[in-house]
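Working notes, structure below.
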Amino acid sequence: MVQLQCGSTMWYSRFNHTTRFVSAILQRATYKVGLLTIQGVSTCLYLCMDACGFHYANKDLSDDCVFEEHIEENNYNTYSRIRGGKKTFLALDNRGKSRRTQIPVSRPLGNLSGYALTLTRRWDGPKQTQCPPRRHRGKLKRPPPFHRNCQKRVHKQNQRHKRKHKKANDPKKKQRHPKARRKHDNSTTTTTEVSWDESTMSTMSTTDVEFFRSATAQEAVGRA
């Protein structure tokens, strides 16, 4: 169970049907077609996830706070994002704490589905119409710390994608056929004549020597 506290901190605990925490009530709102946001009702904080798959709460809506919702075959929902060829899910481990779940796009969720599956329920209790006043001014919480290995991999993938996109859309670069012959202004092709002497043939095999000798003889007959 995820709780978004007023101090912009996230608390994870096991779900208990007898106790209900107001800070654990989350509402979904449509952001764009196929995208939605998850926000705490009592604190108005957004549930966010960085490119490395680490969760955090933030008062300002950013690109990290937008998710894709997918309804699985068992009627459970999964919330994920695709970045740099990786699909990252919102997931909790068996103890109710945040679990970093990131897999390739082509790979199915498989045995990891138990950590990422969520069930939505309708809240019948009192609804809060406005956000509570904040005790702290300014920025409440920073995003997760800089993860060097993960950020390096994400940066390399972004640079590789930019270079690939730039080469594909470069109008100045024209591909030339490797076997095309160069033509002069008078539209005549140039050929290179190679003379084969005994010194050149000494470094070649017997089969190659016989081949070039027969070719030279055929050229002499053709000229005559």
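Per the working numbering, the very first residue in the sequence shown carries number -10; after that it's consecutive. For every residue, glycine included, the Cβ atom is placed at its ideal position computed from N, Cα and C.
Taking one beta carbon from each stretch, the segment 84 to 104 and the segment 50 to 58 have fewer than 3 pairs nearer than 8 Å; the two do not touch. Along the segment 18 to 102, the beta strand (DSSP E) occurs as fully enclosed runs of 3 or more residues at 24 to 29, 35 to 38, 44 to 47, 55 to 60, 66 to 72, 75 to 78, 90 to 93, listed in sequence order.
Residue Arg17 holds the alpha-carbon nearest to the alpha-carbon of Gln28 among Trp112, Arg17, Asp49.
Ranked by Cα distance from Leu24, the first of Leu108, Thr67, Tyr104 is Thr67. When the five nearest sequence neighbours on each side are left out, the beta carbons in the same chain lying within less than 7 Å of the beta carbon of Thr109 are those of Asn66, in order along the chain. The bridge partners DSSP lists for Leu15 are Gly29. Ile71 and Thr32 have their C-alpha atoms roughly 27 Å apart.
When beta bridges are read from the DSSP output, Thr107 appears opposite Asn66. With distances taken between CA atoms, Lys76 lies nearest to Ile92 out of Pro97, Ile92, Gly99, Cys139. Within a 10 Å sphere around the beta-carbon of Tyr35 sit 16 or more other beta-carbons, which makes this residue buried. By alpha-carbon distance to Cys37, the top candidate from Gly114, Ser69, Leu106, Cys139 is Ser69. In this model, Phe78 and Trp112 are separated by some 24 Å (Cα to Cα).
In this structure, DSSP gives Lys145 a helical state, which the three-state scheme calls helix. Contact annotation: Ala46 and Ala80 have beta-carbon atoms that are not nearer than 9 Å. Per the coordinates, the alpha-carbon of His59 lies some 10 Å from the alpha-carbon of Thr107. Here Leu50 is not near Thr19, since their CB atoms are 9 Å or more apart. By a beta-carbon distance limit of 8 Å, Gly74 does not contact Ala40. Their separation comes to about 11 Å.
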